[in-house]
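Student:
Protein chains in written order, with the numbering used here: chain A, 18 to 177; chain B, 4 to 143.
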């Protein structure tokens, strides 16, 4: 049996599709086939997010204005980037991500809201840290400022 | 020369696929950083399939099976990579390339030239009629 070049192309694509989707199905951290942009909570939702009765099941993304609102209310900001990047510039008053036990020591109150951030764009260490704090250390309200340091700096908000 | 180019491209594609297969999430993020219209929505499915495509196409080039199809796909993939990197660099994007090739992985004019070279190599091999070690199918 001789396959035409076009049939060969189609065969290779089909096999790749089967392996790609099949391997994804058995991976522990499988991806959804179509990407959905995460919803960022707006400033109008800050009151309800910070309400003492709110207990989140997973970290929530917040936008720049919500982050500023929470910042003005004195909520702790944790910079999830490494110490070198933190030293180059960070949100004023934010603390660098220490080891998790040290962070827990810093804010032992599990119901206290916390905001994590990193380098914006596609960086995901802020979400990883937030998920760790909620899943393994029982924190109830962790928010992830998706725009992170670049967006904060560009907005001219307090930095150091 | 054609055989050397073919083997080189085969090894390159297979090598580039390994990290992407291991961590498709990171590759999907890299695709989104290119800011190509509609690529956000399709970034996950592209990140899941493209590395396997690279792996199988690379294997076909090296082993000489499904060679005509694999060569068309190689040229298509290299053309896609070249255009993606070029438009990103032209727009001043200097983020991660997500290429998976050895060396620096940041978008730059060096990456554009590198991809152009690979595109030319794939074109030469694709248009060549003289293929050694072509095992299956031998001819159409």
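No residue lacks a Cβ here, since even glycine has one placed at the ideal position from N, Cα and C.
1. Contact check, residue 164 of chain A vs residue 80 of chain A under 8 Å by CB: the rounded distance?
2. What residues of chain A sit near residue 63 of chain B, judged by a beta carbon separation below 9 Å?
3. Show which residues of chain A have a CB atom less than 8 Å away from the CB atom of residue 47 of chain B.
4. Under 8 Å, do residue 134 of chain A and residue 96 of chain A count as touching if we go by C-beta distance?
5. May I ask which residues mark the beginning and end of the alpha helix (DSSP H) holding residue 123 of chain A?
6. Below 6 Å CB to CB, which residues in the same chain sit around residue 136 of chain B once its five sequence neighbours on both sides are set aside?
7. In the DSSP assignment, find the unbroken alpha helix (DSSP H) run with residue 96 of chain A in it and report its ends.
8. Can you give me the Cβ contacts of residue 184 of chain A inside the same chain, cut-off strictly under 6 Å, excluding the 5 residues immediately before and after it?
9. Would you kindly work out how many angstroms separate the C-alpha atoms of residue 176 of chain A and residue 167 of chain A, rounded to a whole number?
10. Between the beta-carbon of residue 32 of chain B and the beta-carbon of residue 139 of chain A, is there less than 8 Å?
11. First and last residue of the alpha helix (DSSP H) that includes residue 148 of chain A?
12. Report yes or no: is there a C-beta of chain B within less than 8 Å of the C-beta of residue 167 of chain A?
13. Is the CB-CB distance between residue 66 of chain A and residue 160 of chain A below 8 Å?
14. Would you please verify whether the beta carbon of residue 75 of chain B is less than 8 Å from any beta carbon of chain A?
15. So who's on the other strand from residue 78 of chain A, going by DSSP bridges?
16. From A/64, A/77, A/51 and A/19, pick the residue whose C-alpha is nearest to that of residue 57 of chain A; which is it?
17. Pull the bridge partners of residue 122 of chain B from the DSSP assignment, please.
18. Considering only DSSP beta bridges, list what residue 109 of chain B is partnered with.
19. Just to check my reading of the structure: residue 75 of chain B and residue 26 of chain A have Cβ atoms closer than 8 Å, yes? What is that Cβ distance to the nearest angstrom?
20. Could you tell me if residue 129 of chain B is buried or exposed, where buried requires 16 or more neighbouring beta carbons within 10 angstroms of its beta carbon?
21. Label residue 53 of chain B either buried or exposed according to how many other C-beta atoms from any shown protein chain fall within 10 Å of its C-beta, with 16 as the threshold for buried.
22. Counting C-beta neighbours from all protein chains within 10 Å, is the total for residue 81 of chain B 16 or more, i.e. buried, or is it exposed?
23. For residue 63 of chain A, count neighbouring Cβ atoms within 10 angstroms of its own Cβ and tell me buried if that reaches 16, exposed if not.
24. Have a look at residue 82 of chain A and residue 86 of chain B and give me their C-alpha separation to the nearest angstrom.
25. State the CB to CB distance for the pair residue 38 of chain B and residue 54 of chain A, rounded to an integer number of angstroms; the pair is presumed to be in contact (CB under 8 Å).
26. Could you tell me whether the Cβ of residue 35 of chain B comes closer than 8 Å to any Cβ of chain A?
27. Establish whether the CB of residue 101 of chain A and some CB of chain C are separated by less than 8 Å.
28. Specify, as a first and last residue, the run of the alpha helix (DSSP H) that residue 40 of chain A falls within.
Tutor: Result, derived from the coordinates:
1. 7 Å
2. 25 and 29
3. 48, 49, 50, 51 and 52
4. yes
5. 117-123
6. 67
7. Counting along the chain, residue 96 of chain A falls outside any alpha helix (DSSP H), though it belongs to the beta strand (DSSP E) covering 93-96.
8. Nothing about residue 184 of chain A can be reported from this structure: the residues present for chain A run from 18 to 177 only.
9. 11 Å
10. yes
11. 142-154
12. no
13. yes
14. yes
15. A/57 and A/161
16. A/77
17. Residue 122 of chain B pairs with nothing; no bridge assigned.
18. B/99
19. 6 Å
20. buried
21. buried
22. buried
23. buried
24. 36 Å
25. No, residue 38 of chain B and residue 54 of chain A are not in contact; Cβ-Cβ is about 13 Å, not under 8 Å.
26. yes
27. This model lacks chain C altogether; the protein chains it does include are A and B.
28. 22-43
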